[in-house]
Amino acid sequence: MSEHVAVVLAAGGSRRLGRPKQLLQRDGQALVQRALGLARSTQPRRTLLVLGAQAEAIAGCLDLQGIERVDNPHWASGLSSSVRRAREALGSSSLESEVGSVLFLVCDQPALETTHLQALLTAARATARGCAATVHGARLGVPAVIPWRELADAPLQGDAGLRGLLNGEDAASIARVPAPALALDLDTPEDVRAAIARGWLDPDQAG
163 MSEHVAVVLA AGGSRRLGRP KQLLQRDGQA LVQRALGLAR STQPRRTLLV LGAQAEAIAG
223 CLDLQGIERV DNPHWASGLS SSVRRAREAL GSSSLESEVG SVLFLVCDQP ALETTHLQAL
283 LTAARATARG CAATVHGARL GVPAVIPWRE LADAPLQGDA GLRGLLNGED AASIARVPAP
343 ALALDLDTPE DVRAAIARGW LDPDQAG
């Protein structure tokens, strides 16, 4: 068993898409369920799922056995609120001392594979800081591995999520794992069509 925990952030409202991106399907499986499977494939100590918009409808479509569900009633205030809720859930547990690092991932990167998550964990272990992130163009983003000692005290505001932490003055100490395909997320119908064209979503998901 690893010393990390995994957190799947899936609380967004999918406003521009107009339907829950969490339930878009790849290989007949909802993306959020797929993300949970990828997270668990890294053998974390715990796996958390943060839900917000349409939480009950989404949860009702999932197999959450072995998953700790965390609800974020403030999801509309931005991604950082979901990271804070995950931090609160981890920090309030008697198992907090077992948290070495946190692997964060989202559900709207349909090209994500287990190999990338494992590469992040390996890269993080090889650095003194214990932190690794995915390269998105000129910036660092999720999926990412954050040491608990940093996450516990990090200021988290607005829709930036972890970007402020990952792209700060000491970003040079973060291990970088390139993954150009993960730059495509699913904010718009055009994004969905592009993902279908690349084989990352089922053909009938165009809507």
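Under my numbering, residue 369 is the last one in the sequence shown; the count climbs by one each step, no gaps.
Glycine is no exception: its CB is placed at the ideal position from the N, C-alpha and C atoms.
Contact set for residue 195: own chain, Cβ-Cβ below 6 Å, skip 5 residues either direction: On the sequence shown, position 33 is the one that residue 195 refers to. Result list for residue 195: 224, in chain order.
Would you call residue 366 buried or exposed, if buried means 16 or more other Cβ atoms sit within 10 Å of its Cβ? Here the question's residue 366 lines up with position 204 in the sequence shown. Of the other Cβ atoms in all chains shown, fewer than 16 fall within 10 Å of the Cβ of residue 366; this residue is therefore exposed.
Could you check which residue in 313, 309, 326 has the C-alpha nearest to that of residue 301? By one-based count along the sequence shown, residue 301 stands at place 139. Residue 326 is the option with its Cα nearest to residue 301.
Consult DSSP for residue 206 and reduce its assignment to one of helix, strand or coil. Here residue 206 is taken as the residue at index 44 of the sequence shown, counted from 1. Of the three classes helix, strand and coil, the one that applies to residue 206 here is coil, per DSSP.
Boundaries (first-last residue) of the beta strand (DSSP E) holding residue 264: The residue labelled residue 264 in the question sits at position 102 within the sequence shown. Membership of residue 264 in the beta strand (DSSP E) is indicated by the continuous run 263 to 268.
Is the stretch 163 to 177 touching the stretch 203 to 219, taking contact as three or more C-beta pairs under 8 Å? Yes: the two stretches touch, three or more of their Cβ pairs being nearer than 8 Å.
Mind checking whether residue 296 and residue 344 have CB atoms under 8 Å apart? Here residue 296 is taken as the residue at index 134 of the sequence shown, counted from 1. Here residue 344 is taken as the residue at index 182 of the sequence shown, counted from 1. Yes, the pair counts as a contact, with Cβ atoms nearer than the cut-off.
Through-space distance from residue 190 to residue 335, alpha-carbon basis: Within the sequence shown, numbered from 1, the residue matching residue 335 stands at position 173. Within the sequence shown, numbered from 1, the residue matching residue 190 stands at position 28. Our two residues, residue 335 and residue 190, have alpha carbons roughly 39 Å apart in a direct line.
Using the Cβ count rule (16 or more neighbours within 10 Å means buried), how would you classify residue 227? For the purposes of this step, residue 227 is identified with residue 65 of the sequence shown, where counting begins at 1. The residue in question, residue 227, is exposed, as its Cβ has fewer than 16 Cβ neighbours within 10 Å.
Own chain, CB closer than 7 Å to residue 358, minus 5 neighbours either side, in chain order: For the purposes of this step, residue 358 is taken as residue 196 along the sequence shown, with counting starting at 1. Excluding positions up to five away in sequence, the list reads 365, 367, 368.
Short of 6 Å in beta carbon distance, which residues of its chain neighbour residue 244, apart from the five on each side in sequence? Order them along the chain. What you label residue 244 is simply residue 82 of the sequence shown in a count that begins at 1. Listed in chain order, the non-local C-beta contacts of residue 244 below 6 Å within the same chain comprise 171, 173, 212, 234, local neighbours out to five positions each way being set aside.
Contacting residues, own chain, Cβ-Cβ under 8 Å from residue 218 (five flanking each side not counted): The residue you call residue 218 lines up with position 56 of the sequence shown. The beta carbon of residue 218 sits closer than 8 Å to none of the beta carbons in its chain outside the five residues before and after it.
Reduced DSSP secondary structure (H/G/I, E/B, other) of residue 236: The sequence position of residue 236 within the sequence shown is 74, counting from 1. If DSSP states are grouped into helix, strand and coil, residue 236 belongs with coil.
Helix or strand or just coil, what does DSSP make of residue 369? The residue given as residue 369 occupies position 207 in the sequence shown. It is coil, neither helix nor strand.
Is the separation between the beta-carbon of residue 251 and that of residue 237 shorter than 8 Å? For the purposes of this step, residue 251 is taken as the residue at position 89 of the sequence shown. For the purposes of this step, residue 237 is taken as the residue at position 75 of the sequence shown. Note that the C-beta distance between residue 251 and residue 237 is not below 8 Å.
Which residues DSSP lists as bridging residue 231, in chain order: Against the sequence shown, residue 231 aligns to sequence position 69. Under DSSP, residue 231 takes part in a beta bridge, and its partners are 211.
Taking DSSP as the reference, what is the three-state secondary structure of residue 178? Locating residue 178 in the sequence shown gives position 16, counting from the first residue. In the structure shown, residue 178 sits in coil (DSSP, three-state: anything other than H, G, I, E or B).
Please classify residue 309: does DSSP put it in a helix, a strand, or coil? On the sequence shown, position 147 is the one that residue 309 refers to. If DSSP states are grouped into helix, strand and coil, residue 309 belongs with the strands.
Here's a check: name, in chain order, each residue in its chain whose Cβ is nearer than 6 Å to the Cβ of residue 175, leaving out the five neighbours to either side. Along the sequence shown, read from residue 1 onward, the residue named residue 175 stands at position 13. Within the same chain, 215 come within 6 Å of residue 175 by CB-CB distance, once the 5 residues on both sides are set aside.
Cα-Cα separation, residue 299 to residue 239: Locating residue 299 in the sequence shown gives position 137, counting from the first residue. Locating residue 239 in the sequence shown gives position 77, counting from the first residue. Looking at the backbone, the Cα of residue 299 and that of residue 239 are separated by about 26 Å.
Residue range of the alpha helix (DSSP H) that residue 351 falls in? Within the sequence shown, numbered from 1, the residue matching residue 351 stands at position 189. In this chain, the alpha helix (DSSP H) harbouring residue 351 covers 351 to 359.
Could you give the C-beta distance for residue 286 and residue 307, rounded to a whole number, given that I count them as a contact under 8 Å? Residue mapping note: residue 286 aligns to position 124 of the sequence shown, counting from 1. Residue mapping note: residue 307 aligns to position 145 of the sequence shown, counting from 1. Contact between residue 286 and residue 307 is confirmed by a C-beta separation of about 4 Å, below the 8 Å threshold.
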